[in-house]
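Visitor: Before we start, here is the structure in question, set down as structure tokens.
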Amino acid sequence: NVYDSQRMTDALAADGYVATDAIAEADLVLLNTCHIREKAAEKVYSELGRIREMKAERARAGREMLVGVAGCVAQAEGSEIIRRSPAVDLVIGPQTYHRLPDVLARVRRGEKIVETDYAIEDKFEHLPQPKRAEIIRRGVTAFLTVQEGCDKFCTFCVVPYTRGSEVSRPVAQIVAEAERLAQAGVREVTLLGQNVNAWHGEGEAKGGKTEEWGLGRLLFRLAEIPGLARLRYTTSHPRDMDDELIAAHRDLPALMPYLHLPVQSGSDRILKAMNRRHTAKDYLTLLDRIRAARSDIALSGDFIVGFPGETDADFEATMDLVR
């Protein structure tokens, strides 16, 4: 979400917009939203009620305020947002941030816009490229998106419906951006994706040919870039932790000894109901392999308590896994 906010900020900078902490003084208010929990959507509507009053106050003073909703709530709710909150001028999903300047131009002409198409064919081509001075201002760490969407369809998760199917960014684009970041002084890059270790792409092979790369091979390539001292990635799915990615944890000093690997439950019955397509034993066996490759690695995970149908025994199975 932080990265997406930066993307929108960079896209708007060309139109002369600059960020402000004073919402009441803003010409444009964009709510970047998350839909991981149902309550998040209601919080958005509550915040829009507060912003509506600010917009009305500015209108009484003869000053315009445009209001937009972006992110996964925008993607999921679409035109319902404008129906419930008429003060909203635009609704834009994560797939179309590169169109934001054009959308705003239409809004300024008096249109109400809902832009939630899945424009996967050009989504990575139009990622904003911040200027060198802006990269330097942000410091020595940076996010780099390599993948979007998810095809896993866990029964509790809305991501496939708000972010779309898995799409991987081409190798050449990723390497070029990483090199540009390093040349501007960035020393730590975090690769981002809703299911980042599902990333794959065509990369170089011996003899001038190409071959299919996974995230592990990409990390080996990024580790060759002068100046990049640290690499991270998030968030992962256990089913996509392949041998080459585990080898990267073993062989790359630049790859930080940390892995966030959600499991959600220690109960096989609940895991099946969640459509996770792995067992608790599969997960623990995978952790053993990862620890064997990198003994000092720190691990974290996500756990859902109170999943529909969960019993005390299922909960205790999760606690046993944690222990």
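Plus 12 on top of the position in the sequence shown (first one is 1) and you've got the working numbering. C-beta atoms are modelled at their ideal positions from N, C-alpha and C, and glycine is treated no differently. For clarity, every value in this text was computed on a predicted model and none was experimentally measured.
#1: What does a CB cutoff of less than 6 angstroms around L203 pick up in its chain, not counting 5 residues either side in sequence?
#2: So is V14 buried or exposed if we call it buried at 16+ other beta carbons inside 10 Å?
#3: Please report the distance separating the alpha-carbon of I35 from that of V41.
#4: Taking the Cβ atom as the reference point for each residue, do L271 and L311 lie within a distance shorter than 7 angstroms?
#5: Let me check one thing: in DSSP terms, what residues is F319 bridge-paired to?
#6: Buried or exposed, going by whether 16 or more other CB atoms sit within 10 Å of the CB of L3?
#7: How would you label L243, buried or exposed, when you count the other beta carbons within 10 angstroms and need 16 or more for buried?
#8: Find the nearest neighbour of V208 within the set R192, L116 and K164, judged by alpha-carbon distance.
#9: Measure from the alpha carbon of A194 to the alpha carbon of each residue in V170, P320 and A235, then state which is nearest.
#10: Count the other CB atoms within 10 Å of the CB of N44; is the residue buried (16 or more) or exposed (fewer)?
#11: Please classify R335: does DSSP put it in a helix, a strand, or coil?
#12: Do A99 and K67 have their C-beta atoms within less than 7 angstroms of each other?
#13: Label Q141 either buried or exposed according to how many other C-beta atoms from any shown protein chain fall within 10 Å of its C-beta, with 16 as the threshold for buried.
#14: Where do the ends of the beta strand (DSSP E) carrying Y270 lie?
#15: Pair every Cβ in the stretch 46-61 with every Cβ in the stretch 14-29, then say whether three or more of these pairs are closer than 8 angstroms.
#16: Check whether the Cβ atoms of E10 and T153 lie closer than 7 angstroms to each other.
#17: Is the beta carbon of R229 less than 7 angstroms from the beta carbon of R262?
#18: What are the start and end residues of the beta strand (DSSP E) that includes S91?
#19: So what does DSSP say about L267, is it helix, strand or coil?
#20: In the DSSP assignment, the alpha helix (DSSP H) including L193 goes from what residue to what residue?
#21: Using the beta-carbon count (16 or more within 10 Å), is G321 buried or exposed?
#22: Mapping DSSP to helix, strand and coil, what is R19?
#23: When you compare each of V81, G74 and A73 to K55 by their alpha carbons, which one comes out closest?
#24: With respect to the alpha helix (DSSP H) encompassing E146, which residues constitute its N-terminal and C-terminal limits?
#25: Buried or exposed: V30, going by 16 or more other Cβ atoms within 10 Å of its Cβ?
#26: Taking all protein chains shown into account, do 16 or more other C-beta atoms lie within 10 angstroms of the C-beta of L296, making it buried, or fewer, making it exposed?
#27: Rounded to whole angstroms, what is the Cα-Cα separation between E178 and K124?
#28: Would you kindly report the start and end of the unbroken beta strand (DSSP E) that includes K125?
#29: Starting from A305, trace the beta strand (DSSP E) in both directions and tell me its first and last residue.
#30: Excluding sequence positions up to five away, which residues of its chain have a Cβ less than 6 angstroms from the Cβ of D308?
#31: Whether or not the stretch 82-93 and the stretch 102-111 are in contact is what I'm after, with contact meaning three or more pairs of Cβ atoms, one per stretch, closer than 8 angstroms; do they touch?
Guide: With the given structure in hand:
#1: Residue 203 sits at position 191 when you count from the first residue of the sequence shown. The answer, listed in chain order, is L156, V158 and Y245.
#2: On the sequence shown, position 2 is the one that residue 14 refers to. V14 comes out exposed.
#3: The sequence position of residue 35 within the sequence shown is 23, counting from 1. The sequence position of residue 41 within the sequence shown is 29, counting from 1. In a straight line, the C-alpha of I35 is about 7 angstroms away from that of V41.
#4: Within the sequence shown, residue 271 is the residue found at index 259, counting from 1. Within the sequence shown, residue 311 is the residue found at index 299, counting from 1. A contact, by the Cβ cut-off of 7 angstroms.
#5: Taking the first residue of the sequence shown as position 1, residue 319 is located at position 307. Answer is none; F319 lacks a bridge partner.
#6: Look at the range of the chain in this structure, 13 to 335, and you will see that residue 3 is not part of it.
#7: Position 231 of the sequence shown, counting from 1, holds the residue named residue 243. Flag for L243 reads buried.
#8: Locating residue 208 in the sequence shown gives position 196, where the first residue counts as 1. It is K164.
#9: Sequence index remark: in the sequence shown, residue 194 carries index 182 (1-based). Answer by Cα proximity: A235.
#10: The residue labelled residue 44 in the question sits at position 32 within the sequence shown. N44 is buried by the Cβ-count criterion.
#11: The sequence position of residue 335 within the sequence shown is 323, counting from 1. Three-state result, R335: coil.
#12: Looking up residue 99 in the sequence shown gives position 87. Looking up residue 67 in the sequence shown gives position 55. Closer than 7 angstroms, so yes.
#13: Here residue 141 is taken as the residue at index 129 of the sequence shown, counted from 1. By the neighbour-count criterion, in which a residue is buried when 16 or more other Cβ atoms sit within 10 angstroms of its Cβ, Q141 is exposed.
#14: In the sequence shown, residue 270 corresponds to position 258, counting from 1. Secondary structure note for Y270: its beta strand (DSSP E) is the uninterrupted segment Y270 to H272.
#15: Segment contact: the stretch 46-61 against the stretch 14-29, fewer than three CB-CB distances shorter than 8 angstroms; contact not assigned.
#16: What the structure shows of the chain is the stretch from 13 to 335, and residue 10 is not part of that stretch, so it cannot be assessed.
#17: Your numbering for residue 229 matches position 217 in the sequence shown. Your numbering for residue 262 matches position 250 in the sequence shown. No.
#18: For this step, residue 91 is matched to residue 79 along the sequence shown. The continuous stretches of beta strand (DSSP E) do not include S91, which lies in the alpha helix (DSSP H) extending over residues S91 to R96.
#19: Counting from 1 along the sequence shown, the entry for residue 267 is found at position 255. Here L267 sits in strand by DSSP.
#20: Sequence index remark: in the sequence shown, residue 193 carries index 181 (1-based). Per DSSP, L193 is one residue of the alpha helix (DSSP H) stretching across V183 to Q195.
#21: Here residue 321 refers to the residue found at position 309 when the sequence shown is read from its first residue. Burial is judged here by how many other beta carbons sit within 10 angstroms of a residue's own beta carbon; G321 has fewer than 16 and is exposed.
#22: Looking up residue 19 in the sequence shown gives position 7. If DSSP states are grouped into helix, strand and coil, R19 belongs with the helices.
#23: Numbered from its first residue, the sequence shown carries residue 55 at position 43. Looking at the Cα atoms, V81 is the closest of the given residues.
#24: The sequence position of residue 146 within the sequence shown is 134, counting from 1. R144 to R150 is the span of the alpha helix (DSSP H), which, as asked, contains E146.
#25: Position 18 of the sequence shown, counted from the first residue, corresponds to residue 30. Counting other Cβ atoms within 10 Å of its Cβ, V30 stays below 16 and is therefore classed as exposed.
#26: Mapped onto the sequence shown, residue 296 falls at position 284. Counting the other CB atoms within 10 Å of its CB gives L296 a total below 16, which places it among the exposed residues.
#27: Indexing the sequence shown from 1 puts residue 178 at position 166. Indexing the sequence shown from 1 puts residue 124 at position 112. Going from the Cα of E178 to the Cα of K124 covers about 30 angstroms.
#28: In the sequence shown, residue 125 corresponds to position 113, counting from 1. Reading off the sequence, residue 125 comes out as Ile, not Lys. First-last of the beta strand (DSSP E) with I125: I125 to E127.
#29: Position 293 of the sequence shown, counted from the first residue, corresponds to residue 305. Unbroken run through A305 is the alpha helix (DSSP H), A292 to A305; no beta strand (DSSP E).
#30: Sequence index remark: in the sequence shown, residue 308 carries index 296 (1-based). The beta carbon of D308 lies closer than 6 angstroms to those of P269 in the same chain, with the five residues before and after it left out.
#31: The count of Cβ pairs closer than 8 angstroms, one atom from the stretch 102-111 and one from the stretch 82-93, reaches three, so the stretches are in contact.
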